[in-house]
Amino acid sequence: MEKDFLDMIRQHNGIIYKVASFYADKENVLDDLYQEVVLNLWKSFPNFRKESTYSTWIYRIALNTCISFFRKSSRKPMYVELSPDLKVPSEDNSLYVNELYALINQLNKLERAIIFLYLEDRPYKEIADIMGITSTNVSTKINRIKEKLKKMSNN
Amino acid sequence: MDLDTLKREWQTNESFKKEVKDSMIKEMIANRNKGAFERIKRYEREALRILPITSIAFVFVSASILMHGDIFGICWVLAMLPIGAGLWYWSYWLCGFLDKIDMSRMTVTEVSRSILKYRTYLIRHTILAGILMPTYLGVWLYCFFKANHGLDGVYSVEFLVVYLSLALVFFFVIIWFRYFRHIRDIQRNLRELEEFEQDNQ
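From first to last, the protein sequence lines are chains U and R. Residue 213 is where the first sequence starts when you use the numbering used here, and the numbers rise one by one after that. Residue 9 is where the second sequence starts when you use the numbering used here, and the numbers rise one by one after that.
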């Protein structure tokens, strides 16, 4: 089982890393979030019944983990430090992209989840399943968030 | 600022394609009990072990009240047993509540709501404990002094004033700054969740 799990993580590491970096507001929180997601995936792996694809299953767990994650202010030291390579890739982005990230960071966690899945080009039905809202509501929300981001950037 | 442009850049961003070493993942899953959510569940389960022991130990510590105290003192001490039982049942219920939170099957809104509920229970419980426990212990202290030293004459106005002042300081400094701020944060999160689900009819 461990081998299958490791294979799955290797194949879908990009998803986990993207979700964690989307919700990380400081560099060291990225490590916490990444590990928390991996731990929750490991815990749920034996019960995965292939009712959905691996990627949908990982998106759900990763987003649930990041949205519900709350650290105490006196946090314990990190138990596994990620390699220096696995950090937020802000140096590679254009100024435009970084500015948009900064605006997205001002959205609440649920709106951020919808935007993340939108950026990942997931079908609206899948977004609705993961978020627990209707497909029509997904479309409405995305349009509203676009308007919100436009207003924020104009301000 | 265009989200569709960001989407195109996001899709082609190679920097997310990072390799991760198996040894690192193995080390993470070896530490599976150190996850934040697992820690919370562990604390609640530990309370199930600790509460009966501390309740019974408290009754033994109050032996002098049971032997030499009046009927009120004896009843007050023995009240710790049903209080301990009630607290134990509360922790047991919270453990069951946390066990039901399944991040692999529940939707994001369901998990968010459950976590917010848990945080609300925790804070209300802590605030209530912050008010009731000092009250219980204050009365216990009175019974203890009365049973051991017969000091109910001295143990009156001066002690009450000092005790109440300390209790107020405890309440405002610890409870207000630490927990009321959390309540505001929870209420804000709950409002966001409700707004988010608003168009879901």
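Ideal placement from N, C-alpha and C gives every residue a C-beta, glycine not left out. From a predicted model like this one, the values you see are computed outputs, not experimental measurements.
C-alpha of I139(R) to C-alpha of M32(R): approximately 46 Å in a straight line. Here M111(R) is buried. Its C-beta has 16 or more other C-beta atoms within 10 Å. Note on M213(U): under 16 other CB atoms within 10 angstroms of its CB, so exposed under the neighbour-count rule. The distance from the Cβ of G92(R) to that of L59(R) is about 5 Å, consistent with a contact at the 8 Å cut-off.
Taking 9 Å as the cut-off, the beta carbon of S280(U) is found no closer than this to the beta carbon of S99(R). CA-to-CA, the gap between I227(U) and F179(R) works out to about 45 Å. Counting of Cβ neighbours within 10 angstroms places M88(R) among the buried residues, the total reaching 16 or more. Interface with chain R (9 Å Cβ-Cβ cutoff): R272(U) is included. For Q223(U), the enclosing alpha helix (DSSP H) begins and ends at 214–235.
By a beta-carbon distance limit of 8 Å, I73(R) contacts F152(R). Their separation comes to about 6 Å. The Cβ-Cβ distance between I191(R) and I131(R) falls below 9 Å. Considering only E338(U), I357(U), P335(U), Y313(U), the residue with the shortest C-alpha distance to F234(U) is Y313(U). A check of alpha carbon separations from R16(R) across K353(U), N349(U), F328(U), I345(U) identifies F328(U) as the nearest.
Assigned with DSSP and collapsed to three states, V147(R) falls in helix. T143(R) has its alpha-carbon roughly 13 Å from the corresponding atom of V169(R). Taking a contact as a CB-CB distance under 8 Å, the pair L56(R) and L322(U) does not count as one, their CB atoms being some 33 Å apart. The DSSP assignment places 88–107 as complete runs of the alpha helix (DSSP H) inside the region 86–133 of chain R, in order along the chain (cut-off: 4 residues). In the structure shown, V181(R) adopts helical secondary structure according to DSSP, grouped into three states. Counting along the chain, P60(R) sits inside the alpha helix (DSSP H) bounded by residues 44–69. Distance check between D30(R) and each of Y229(U), L245(U), F217(U) places F217(U) closest, using alpha-carbon atoms only.
Here T348(U) is exposed. Its C-beta has fewer than 16 other C-beta atoms within 10 Å.
Looking at the backbone, the Cα of Y336(U) and that of K353(U) are separated by about 11 Å. In the three-state reduction of the DSSP assignment, V169(R) falls in the helix class, which pools H, G and I. With contacts defined as CB atoms closer than 9 Å, E205(R) and T62(R) fail to qualify as a contacting pair. C278(U) is not a Cβ neighbour of V350(U), given a cutoff of 9 Å.
For the region 226–252 of chain U, the set of residues with a beta-carbon nearer than 9 Å to any beta-carbon of chain R comprises G226, I227, I228, Y229, K230, S233, D244, Y246, Q247, E248, V250, L251, N252, in chain order. Boundaries of the alpha helix (DSSP H) around I354(U): 347–366. Of all alpha-carbon atoms in L176(R), C83(R), L198(R), A44(R), the one lying nearest the alpha-carbon of V147(R) is that of C83(R).
Short of 8 Å from the beta carbon of P90(R), and not among the five residues preceding or following it, lies no beta carbon of its own chain. For S256(U), the three-state secondary structure derived from DSSP is helix. Between the alpha carbons of V69(R) and A137(R) lies a distance of about 21 Å.
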